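Protein chains in written order, with full-length UniProt numbering: chain A, 1 to 120; chain B, 1 to 120. All C-beta atoms in this analysis are idealised placements derived from N, C-alpha and C, irrespective of residue type, glycine included. As the structure is a computational prediction, the values presented were derived from the model and not from experiment. All remarks here apply to the structure that follows.
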DNA sequence: AGTCTTATATAAGACCTTTATGCATCTGCG
DNA sequence: CGCAGATGCATAAAGGTCTTATATAAGACT
C-alpha cells in the first residue's frame with residue numbers, strides 16, 4: 001500500500017467523505033493521480049464512490065466498513081510499535097517526552113501550515 | 001531529487017566513501033536500484049566512482065566537492081526552516097522541546113534499530 | 001584448475017506520478 | 001432563457017523509481 005493511499009484513508013477517516021479534488025489537494029498530488037488512486041482503493045473494497053445529488057459532476061469518496069477497519073488496524077499497529085519503543089526508555093525520558101507533547105503538536109501544526117503555504 | 005538520493009548523499013557525507021552494496025543496505029533498496037541511483041548522481045556531478053585497488057570488483061562511491069556542498073546547503077535550508085517554526089513557539093514550549101531532546105534521540109535510535117531487525 | 005561466493009551491471013516489468021486533454025455539468029451575465 | 005466560461009472528473013501518454021531475474025567479472029577455497 002502506497003504512502004499516499006494510506007494517508008488518503010486516514011484523511012477520510014478523520015474528516016468523512018470528500019470529493020476527489022479535495023483529497024488531491026489534501027495529499028499534495030494532482031487530481032488525475034487521486035482519480036487513479038481512488039479507483040484502486042475502490043477495487044480493494046476500502047472506499048466507495050457516491051454521487052452528490054446537488055452537483056452531478058462530483059463523486060464523493062467514502063470509507064467502507066472494511067476501509068475503516070483497515071485504518072483502525074494500521075493505527076493500532078503503529079501505536080503498539082511505539083509503545084514497545086517507549087517501554088525501553090527510562091522514566092525520566094518518558095516524562096520529558098510527555099512534557100514536550102504540547103510543543104510537538106504545535107510544531108507539527110505550524111509545519112503543516114507552512115507546507116501548505118509554500119506549494120505542497 | 002528523490003528521497004533515496006538525498007538520503008544516500010547524507011549517508012556518504014556522514015560516513016565517507018562506501019561501496020554500492022553497502023549503500024543499498026543502508027537505504028533499504030536493492031543493489032540494482034542503488035547502481036542506477038549512483039549513476040544518476042554521478043551524471044549530476046555529485047558523486048564519483050573510484051576503484052578499490054584491493055578488490056577489483058568493488059566501486060567506491062565518493063562525494064565530490066559539489067555533492068558535499070549540496071548536502072550542506074540542503075541541511076542548512078532544513079535547519080533554517082525549523083528555526084523559523086521554533087521561533088513561533090513560546091519560551092516554555094522551546095524549553096520543553098530542549099528537555100525532551102535526549103529522549104527523542106534515544107527513541108530515534110531504537111526505532112532505526114527495530115526497523116533494521118524487521119526487514120527494512 | 002575448478003567451483004562457490006561476492007560485487008556490480010543490465011534488462012524487463014510494475015507502480016505511481018505528472019502534464020495534456022476531453023467530456024459533462026454548473027454558473028453567471030446579457 | 002441561452003450561451004460562454006469555469007469547474008469536476010476521467011483518460012492517455014510519458015517519466016521516474018523501484019523490483020526481480022540474470023549476466024559478468026573477480027575473489028576465495030579446496
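DSSP state of residue i mapped onto helix, strand, coil
i            : result
residue 14/A : helix
Residue range of the unbroken alpha helix (DSSP H) whose run includes residue i
i             : result
residue 104/A : 91-117
Closer than 8 angstroms to chain A by CB, residue i
i             : result
residue 117/B : no
residue 68/B  : no
residue 7/B   : no
residue 27/B  : no
residue 74/B  : no
residue 85/B  : yes
residue 96/B  : yes
residue 88/B  : yes
CB contact check: residue i to chain B, cutoff 8 angstroms
i             : result
residue 111/A : yes
residue 99/A  : yes
residue 42/A  : no
residue 107/A : yes
residue 65/A  : no
Spatial neighbours of residue i in its chain, beta-carbon cut-off 8 angstroms, leaving aside the 5 residues before and after
i            : result
residue 18/A : 11, 12, 26, 60, 61
- [ ] Counting only runs of 4+ residues fully inside the stretch 5-84 of chain A, write out the alpha helix (DSSP H) ranges in chain order.
- [x] As summarised for the stretch 5-84 of chain A, the continuous alpha helix (DSSP H) elements at least 4 residues long and confined to that stretch are 20-27, 31-43, given in chain order.
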